[in-house]
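Following UniProt numbering, the residues of the sequence shown are numbered contiguously, the last one being 188.
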Amino acid sequence: MRLKFMKVGLTLLFLSAGFAANAAPTLTDQQILEISQTYPTPLGIVRFVNKEGQLDTSFDRIMLNSDVLLTPSHQVDGWGSSQILMKWDGMAKGTRDSFPSDGKKLGRRLTKRLVIAEGPDGNCVRQFIILDFTLDKPFVSKRFGENKDMKSCLMWEGAKWGARESRITLSNGTFIYKTGGDVVKSDD
Numbered sequence: 001m002r003l004k005f006m007k008v009g010l011t012l013l014f015l016s017a018g019f020a021a022n023a024a025p026t027l028t029d030q031q032i033l034e035i036s037q038t039y040p041t042p043l044g045i046v047r048f049v050n051k052e053g054q055l056d057t058s059f060d061r062i063m064l065n066s067d068v069l070l071t072p073s074h075q076v077d078g079w080g081s082s083q084i085l086m087k088w089d090g091m092a093k094g095t096r097d098s099f100p101s102d103g104k105k106l107g108r109r110l111t112k113r114l115v116i117a118e119g120p121d122g123n124c125v126r127q128f129i130i131l132d133f134t135l136d137k138p139f140v141s142k143r144f145g146e147n148k149d150m151k152s153c154l155m156w157e158g159a160k161w162g163a164r165e166s167r168i169t170l171s172n173g174t175f176i177y178k179t180g181g182d183v184v185k186s187d188d
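Pasting the structure below:
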C-alpha cells in the first residue's frame, strides 16, 4: 500500500514538473537576437550592429554604448577577397573571458575580453583582434596572427587569460598579449 502511494505521489510530481516546463514562456526572435548580439561589460554594453545601427548577425561594426569600437579593415587578402568581422565566442574555447558568476545575481556574466576574427568568410580567419574591457577605457588590440601575405587561414587553439599578460595559441604559434598593449609572437 505504501509503495502504491509513493508511485502516485511520484507520478503527480513528474506531471506537475511537465506542466511547469510547458508553461515556461518562449523567447521571441528579437529577444534571442538581443542575447546573442550584445555583451555586458564593466564599461557598458557591446553591441554588434549593421549599417543602420540595428542588432544583426551580419554586423558591420561593433559598438560600446553609442561609440563605434571596431569596423572591418577593408583590407583585401592575398586572394583578392575583402574581409568581414566575425564573433568568435562559441566557435573556439577561450575566445571570451568573463568575470566569475555571482551566484546571488541572475543574468549574464560581465565580459572582460572578447576575441573578434576577421577574414573573407566564416570558414577562414586571416587575423584576430582582442577587445579588452578590464581597463578604465576600452582597448582594441592591433590585428594579429602573423599572416603577412594574408593567404593562410588561422586556427584559434586557445588562450590563458591573465591580469597583466595573456598567452594566445594559434595554429601558427603562441602570442603574448600585454593587457592594454601589443600582441607579439612568442619566441618559444
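Ideal placement from N, C-alpha and C gives every residue a C-beta, glycine not left out.
On a predicted model such as this, the values are computed, not experimentally measured, just so you know.
- Taking the Cβ atoms as the reference, Gly94 lies roughly 5 Å from Gly158, within the contact range of under 8 Å.
- Under the three-state reduction of DSSP, Leu33 is assigned to helix.
- Secondary structure within the segment 104–164: the beta strand (DSSP E) runs of 3 or more consecutive residues, fully enclosed, are 111–119, 127–132 and 156–160 (chain order).
- When DSSP states are grouped into helix, strand and coil, Gly94 belongs to the coil group.
- With respect to the 8 Å criterion, Met155 and Leu170 are classified as neighbours on the basis of their beta carbons.
- In the three-state reduction of the DSSP assignment, Gly44 falls in the strand class.
- Between Asn65 and Ile45, the C-beta gap is smaller than 8 Å, which places the two residues in contact.
- The C-beta of Trp79 has fewer than 16 other C-beta atoms within 10 Å across all chains shown, which makes the residue exposed.
- Of the candidates Glu165, Val125 and Ser141, the residue whose Cα lies closest to the Cα of Ser152 is Val125.
- Within the segment 69–93, not a single complete alpha helix (DSSP H) segment reaches 4 residues in length.
- Relative to the Cα of Arg61, the nearest Cα in the group Thr134, Gln37, Ala92 and Tyr177 belongs to Gln37.
- For Arg108, the CB contacts under 6 Å within the same chain, skipping 5 residues up- and downstream, are Pro40 in chain order.
- Looking at the DSSP output, Thr174 sits in a beta bridge with Thr169.
- Distance from the CA atom of Val68 to the CA atom of Phe48, rounded to whole angstroms, is 10 Å.
- By the CB criterion at 8 Å, Thr111 and Phe133 fall inside the cutoff.
- Per DSSP, the beta-bridge partners of Leu64 are Val46 and Asp67.
- Contact between Ala163 and Thr179 holds: CB atoms are separated by about 7 Å, below the 8 Å threshold.
- Using a Cβ distance threshold of 8 Å, Lys87 and Ile116 count as a contacting pair.
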